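These protein sequences, in sequence, are chains X and R.
Last residue of the first sequence: 414 in this note's numbering, with the numbers rising by one and none dropped.
Last residue of the second sequence: 414 in this note's numbering, with the numbers rising by one and none dropped.
By construction, the Cβ of each residue, glycine as well, lies at the ideal position given by its N, Cα and C atoms.
Keep in mind that this is a model prediction, so the values were computed, not measured.
2 protein chains.
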Amino acid sequence: MITIKDVAREAGVSVATVSRVLNENGYVGEETKKKVLKAMNSLNYSPNEVARSLYKRESKLIGLLLPDITNPFFPQLARGIEDTVNQSGYRLLLGNSDEELEKELDYIQTFVQNNVVGMISATNHVDQNIYDALQIPLVLLDRTTDQYPSVYSDGREGGRLAARTLVDKGARRVTLMKGPAHVKPAQDRFKGAVDVLSDADIDFSVLATTSYSFEDAKGWAEELFQKYPNTDGVIASNDIVGIAIIHEALRLGKRIPEDLQIIGYDDIPQSSLSYPPLSTIRQPAYEMGQAAAELLLQTIKKEPGIETKIEMPVEFIERDTTRKE
Amino acid sequence: MITIKDVAREAGVSVATVSRVLNENGYVGEETKKKVLKAMNSLNYSPNEVARSLYKRESKLIGLLLPDITNPFFPQLARGIEDTVNQSGYRLLLGNSDEELEKELDYIQTFVQNNVVGMISATNHVDQNIYDALQIPLVLLDRTTDQYPSVYSDGREGGRLAARTLVDKGARRVTLMKGPAHVKPAQDRFKGAVDVLSDADIDFSVLATTSYSFEDAKGWAEELFQKYPNTDGVIASNDIVGIAIIHEALRLGKRIPEDLQIIGYDDIPQSSLSYPPLSTIRQPAYEMGQAAAELLLQTIKKEPGIETKIEMPVEFIERDTTRKE
DNA sequence: AAGTTATGTGTAACCGGTTACACATAACAG
DNA sequence: CTGTTATGTGTAACCGGTTACACATAACTT
């Protein structure tokens, strides 16, 4: 491994001078600078981040904590974050918590031990005050509290939008799927939809689901039609479940959207590829990732007067599982 | 920040003793150990990884380089890796290269600068000898070369299996979709399929695709039916494209699998949720991730006589886009 | 011309761990 | 009872960077 000492020797200067050239700070003579640069080049020097991080008590790493990257909503978030922080030279330490408090705590500890500059968390144990003692900038993503800067979409409004759309488009026996109870944004959507459905002159039933996994999605879809075979409008807890419902409905010979309208949530990439393409409430995942990353970077730089709560718009994406005018 | 010195002072011993307790090596008296443990506990001490990593020239981080986590095949790989390395106390530094050499080099440099213990790479510039100079254990995933340990599935056989299956099930005008030229495993599949199709008494055409992205998938599907409207069997370059083809075929009023059979590749989770569910060649992504992680851990521990090339089985998953007997 | 400020460079302390080495004492062997 | 080995603990060097500080010289001021 080539160290700063090797470069110093090669260039005939002290390590301090090499460090100054490296960081472009302090005074360095023009000629000296050239010599050092040449030495770095010929030795193929790459400064050790760990040493820098130790002295500065701050690495160029950002901790990213997700519930489960296997859920298609999150890869997009992650890319939005990665692409943004990379531009400022930061890299990601990734952790999946599976919504388990213990894993979450473990990852947070790892992040701290590695001197991360900041953290972005899209998990659910924020209410526990596990982040409080930390002196590290934190941005919450896809959820919000008073305490920390956060980027989220208006779940309540998304839920309302879904319900309003379905009612407007003529659904009269609506089934509302409720997402896992411990997933905060899922509850917001649910409440939003209940707001609207309660005020409308229609029947509706609620089906509670306890996970977002692919394996279970098919089961929720089956349960849905067993319990409520006559429903003519489904508000799915997310797009995966929505796609599973399309699947099951077609299997049962229902016509979409004539017999049954379906509306998803998230707008994951595969939603436009289903047949019929899934109408859904879009959360702009990539952009949310970007926004969270930018907010974190601003917090790190201690930029004054930054907006610390960024609410992203939700939007109805009309495709073919809802009726047209 | 609580350091080892604080603990030493609190326990009334030297830092060396604290370190010995921490690492459970060297001699430590029973009583002393208790005192130190108590001090650690009461101060809520968490040792700084960066300092350890500097001295040992080795961190507890593993670099993971993927083409694009947004492609649904990769989150599963990533989880397989993460879940496995976590058991040995390692964490992941994640990078997406988008198959760009420059990003790949950047990430490799970052990994080195952070003293990673090992790297897992699923990207394509392995032929360039960018990994050669590194003194860091490397495992290739989803591709293979002579030089490095690797975990991959038999693409050639997968391609053959897809073609053989389609021919057996009665397709007579097969369209073979060729994946991006720079993606090695895609070429293997292609060649395998060509092997079989060339030997069979059937017509076939080739449609070249240049990306795996969701946005483009729909375009490939459209192009497919414009160029080869009478095809009765499609070997898709992967499941995303396969799902897009189902979508387009249904839109055009084709019956699946009566008029058109489709076979995908990968078996991503959403493939079973399409309608009709997509028949496909399965690569066991999660298990491949696990295997790669285990192989890397063994390499790190310098376990002797380990198998360095692990070929995972491919398997035909029969669903409803191919005809049954 | 003397005083002040700007520029250029090196020495050594520091970041928070790990460990080689020195030293002391206890346990054991013959 | 002395020599050897095992056990327990502390001091200080080390990992590879960054930077406070000291010092020297050059460039301005007035």
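Contact under 8 Å by Cβ, residue i with residue j
i, j, result
"R141/X", "L182/R", "no"
"Q379/R", "T173/R", "yes"
"T410/R", "L367/R", "yes"
"A310/X", "V256/X", "no"
"T299/R", "P269/R", "yes"
"V110/R", "I93/R", "no"
"D81/R", "L349/R", "Residue coverage of chain R in this structure runs from 90 to 414, which leaves residue 81/R outside it and unanswerable."
"S186/X", "P156/X", "yes"
"S363/X", "S363/R", "yes"
"M266/R", "L296/R", "yes"
"N213/X", "K273/X", "yes"
"Y196/R", "G178/R", "no"
"T254/X", "F293/X", "no"
"R278/R", "G259/R", "no"
"N203/R", "E138/X", "yes"
"K398/X", "S239/X", "yes"
"I151/X", "M90/X", "no"
"V102/X", "S148/X", "no"
"Q224/X", "Q359/R", "no"
"N319/R", "R249/R", "no"
"L400/R", "Y241/R", "Strictly speaking, residue 400/R in this sequence is Glu, with Leu absent from that position. Yes. Within cutoff."
"I158/R", "I158/X", "yes"
"V403/X", "Q372/X", "yes"
"I345/R", "I352/R", "no"
"E193/X", "H271/X", "no"
"K395/R", "L385/R", "The question names Lys, but residue 395/R in the sequence shown is Ile. Cβ atoms of I395/R and L385/R: not closer than 8 Å."
First through last residue of the beta strand (DSSP E) which encompasses residue i
i, result
"G184/X", "180 to 185"
"A297/R", "292 to 297"
"I351/X", "350 to 355"
"R146/R", "No beta strand (DSSP E) contains R146/R, which DSSP labels as neither H nor E."
"S210/X", "207 to 210"
"L230/X", "227 to 230"
"E400/X", "398 to 401"
"G322/R", "322 to 324"
Contact belief for residue i with residue j at Cβ below 8 Å, rounded distance in angstroms
i, j, result
"Y134/R", "V96/R", "5 Å"
"L313/X", "V323/X", "7 Å"
"L154/R", "A100/R", "Not confirmed; about 43 Å, so no contact."
"A333/R", "K307/R", "5 Å"
"I370/R", "Y354/R", "5 Å"
"I406/X", "D356/X", "5 Å"
"F408/X", "P365/X", "The displayed chain sequence assigns Arg, not Phe, to residue 408/X. The pair is a contact, with the Cβ atoms about 7 Å apart (cut-off 8 Å)."
"L286/R", "A252/R", "5 Å"
Residue range of the unbroken alpha helix (DSSP H) whose run includes residue i
i, result
"T106/R", "104 to 112"
"T173/R", "162 to 175"
"D195/R", "190 to 202"
"A129/R", "The displayed chain sequence assigns Met, not Ala, to residue 129/R. From DSSP, the alpha helix (DSSP H) with M129/R extends over 119 to 132."
"K94/X", "93 to 100"
"E304/X", "303 to 316"
"Q422/R", "As displayed, chain R neither begins before 90 nor continues past 414, which places residue 422/R out of reach and without an answer."
"A222/R", "First-last for A222/R: undefined, no H or E at that position."
"I329/X", "328 to 340"
Inside the segment 237 to 270 of chain X only - alpha helix (DSSP H) runs reaching at least 4 residues: 244 to 257
Measuring CB atoms only, is the segment 158 to 176 of chain X touching the segment 368 to 378 of chain X, in the sense that at least three cross pairs come out at less than 8 Å? yes
Report yes or no: do the segment 265 to 282 of chain R and the segment 217 to 226 of chain R share at least 3 C-beta pairs separated by less than 8 Å? no
Contiguous beta strand (DSSP E) assignments of at least 3 residues, all confined to the segment 356 to 413 of chain X: 369 to 371, 398 to 401, 404 to 406
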